[in-house]
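Okay, so here's the structure we're looking at.
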Amino acid sequence: MPVNVTRVAGQTFSDGHPADQPTGRILLWKARAFEPFPWQRDFLMDIKLQPGAGDPRYINANVGRGAGKTTVAAELAWEGATIKWTDGLGPPHVKIFADTYEHGRLIWDAVWDDSISHLRPLVLRWDADRNIIVLVDEDDPVRPGAMLQLLSADNPNAMTGHNKTTLAIIDEAQFVKDESWRQFLPSLNIRKGIAVCFGVCQGQGFYRTNSLKGLDPDFSDHKTYSVPSTANPYFLMSDDELARREYSLEEYRQLFLAQWTGAEGMLFENVDGCLLAPEVVLSLKNGVPLILEQPQPNADYVAGLDIAKSRDFMALIILNRQTGRLAAILRANKRTYTFLESLVADTLVMYHPRCRPDVTGMGEAPYEHIRQFVRNRYNEMDIPPTSQTTFHPETLTGTRKQEIIDDLALHLLRERVRFPNIRQLVSELRVFEKSVSSTGFVRYSAPVGLHDDLVIALALAAQGLPHTVVTSRPGQVTHRKAGWEYFR
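Going by my numbering, the residue at position 306 of the sequence shown is 293; the numbering climbs one at a time, nothing skipped.
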């Protein structure tokens, strides 16, 4: 029995309430004869149209070649056009674009075909020259309703002024220019629109940055999905084997496994090999030290301190020098400097480490304050100078920063530094990168918009570790237990 598409349009996402979305979606799927793959179904069901407070608005779908992104994107476009966007600013506006019209048409052609076949009763008019489909208004059949439009991001200046946008679908996002994205982004502000980017894990632009933000718990407005090619049930094992033969390992991981790799500039290898009990995921609380090892009387500790600048975090990491294991970690911001300095001093006094603070730029004054706080604590405790925290300030400019980052990369590769699966720390390590500008300037940092405070603190602390380790035979690193066997 055919599905009444007019009824579908009237019931899809009734009043835009999230609780009604699954029923409306299934009706629309029937109307379009759309039979989603399992990953497509889960993906569509997870996206909130219209987003509420706390729901992500920047969705990044890292999708392997052939996984089925075009069909799911076309379905999403129709769902976005048939929802009621309850902001009082009119019917929804859906924009579809890619780096070129040719790429954008892969989704647009599927949407257009539906508009002249399965969903023809929903359409008021078409404008082929301007790539526009206007739907019938649900409340008044003679009045224009929702609009779907194809754009091209090849000209950044043409991406401005789309202020009615409620849903943007960006295909081949890894090819879209950063400037085009920046010009379009304000168009989502007025109606609290959603951007859903589809692409493979290549390139250094906004899509990569947004994808990495979606993996970072600090960016709750971003969410990232990873869909390998094999998620398509019609993608045969023989197809996968052919891809493995025809592409380099890096290309295979990027194009078919939907993984960001070191070829995109990411610096640290073997992060997973340094994790203790990786199945136990921990998360830092702002301004609350995470104590993993209680101070041991005969232990020797080293610390790294990245001093907060502007909106950055103050980050402190303390390692057990004998074992290389993380003993304590602190990350804090949005507090007064006095509060942060006092908090750092209290944590340092617990372990009496040799501490390397980064005093680059504006870090000198806070460092002096922290040192004074520590001195005052020791005076109150009557601890002899030989047992107190010592400071060895570092200025991280040019060559020196490269040295400590390269040293940390080596420590991680050889598993000389061990730590539990702390979401913020692991996320920063995974995205930290080396980039080279057009003028040849080498930059070591997180991608623009992301944080690297914990990485710098860890690199500074690792400078205090011994440069040799005890091995039972050449090439084997012996890991000695510390006081927190829970993480083994």
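Glycine included, C-beta positions come from ideal geometry on N, C-alpha and C.
Asked, Found
"Taking 8 Å as the threshold (C-beta atoms), are F419 and D393 in contact?", "no"
"Are the CB atoms of K56 and F185 nearer to each other than 8 Å?", "yes"
"Give the range of the alpha helix (DSSP H) segment to which A97 is assigned.", "88 to 102"
"What is the residue span of the beta strand (DSSP E) that S198 lies within?", "Not the beta strand (DSSP E): S198 falls in the alpha helix (DSSP H), residues 193 to 200."
"My guess is that G348 and K296 are in contact by the Cβ rule of under 8 Å, so how many angstroms apart are they, rounded?", "6 Å"
"According to the neighbour-count rule (16 or more other Cβ atoms, all chains shown, within 10 Å of its Cβ), is A449 buried or exposed?", "buried"
"Among residues of its own chain, excluding the 5 on either side of F30, which ones have a beta-carbon nearer than 8 Å to its beta-carbon?", "A48, V59, Y212, V214"
"Measure the Cβ-Cβ separation of P143 and S167 and say whether it is below 8 Å.", "yes"
"State whether the stretch 357 to 375 contacts the stretch 329 to 336, with contact taken as three or more CB pairs (one from each stretch) at a distance under 8 Å.", "yes"
"In terms of residues, what are the limits of the alpha helix (DSSP H) holding I443?", "440 to 449"
"Within the continuous alpha helix (DSSP H) that includes L327, where are the two ends?", "324 to 338"
"For L254 and A302, what's the separation of their Cα atoms in angstroms?", "20 Å"
"According to DSSP, which residues form a beta bridge with V289?", "L306, R341"
"Based on Cα-Cα distance, which residue from L242, G148, G451 lies nearest to H398?", "G451"
"From what residue to what residue does the alpha helix (DSSP H) around H454 run?", "No alpha helix (DSSP H) contains H454, which DSSP labels as neither H nor E."
"Taking the alpha-carbon of R117 as reference, which of T377, R92, P128 has the nearest alpha-carbon?", "R92"
"Count the CB pairs spanning the stretch 423 to 430 and the stretch 275 to 284 that are closer than 8 Å, and state whether there are at least three.", "no"
"State the Cα-Cα distance for the pair F222 and E266, rounded to the nearest angstrom.", "30 Å"
"If the criterion is Cβ atoms closer than 8 Å, does the pair N257 and E402 meet it?", "yes"
"Please state whether DSSP places R44 in a helix, a strand or coil.", "coil"
"When DSSP builds the beta bridges, which residues end up paired with P407?", "L263"
"For the beta strand (DSSP E) containing P131, list its first residue and its last residue.", "131 to 139"
"So what's W113 in DSSP terms, helix, strand or just coil?", "strand"
"Provide the residue(s) that pair with I181 in DSSP beta bridges, ordered along the chain.", "L154"
"Report all residues from its chain with a CB closer than 6 Å to the CB of P78; omit the five preceding and five following residues, and keep chain order.", "G132, A133"
"According to DSSP, simplified to helix, strand and coil, what is W85?", "The question names Trp, but residue 85 in the sequence shown is Ala. In this structure, A85 counts as strand in the three-state DSSP scheme."
"Using a threshold of 8 Å, state whether the C-beta atoms of W247 and S198 are closer than that.", "yes"
"With distance defined between alpha-carbon atoms, name the residue in T196, E390, F24 nearest to R169.", "T196"
"Does H105 come out as helix, strand or coil in the three-state DSSP assignment?", "coil"
"Please list, in chain order, all residues of the same chain as R112 whose beta carbon is under 7 Å from its beta carbon, the five residues on each side excluded.", "V121"
"Are the Cβ atoms of G192 and Q241 separated by less than 8 Å?", "no"
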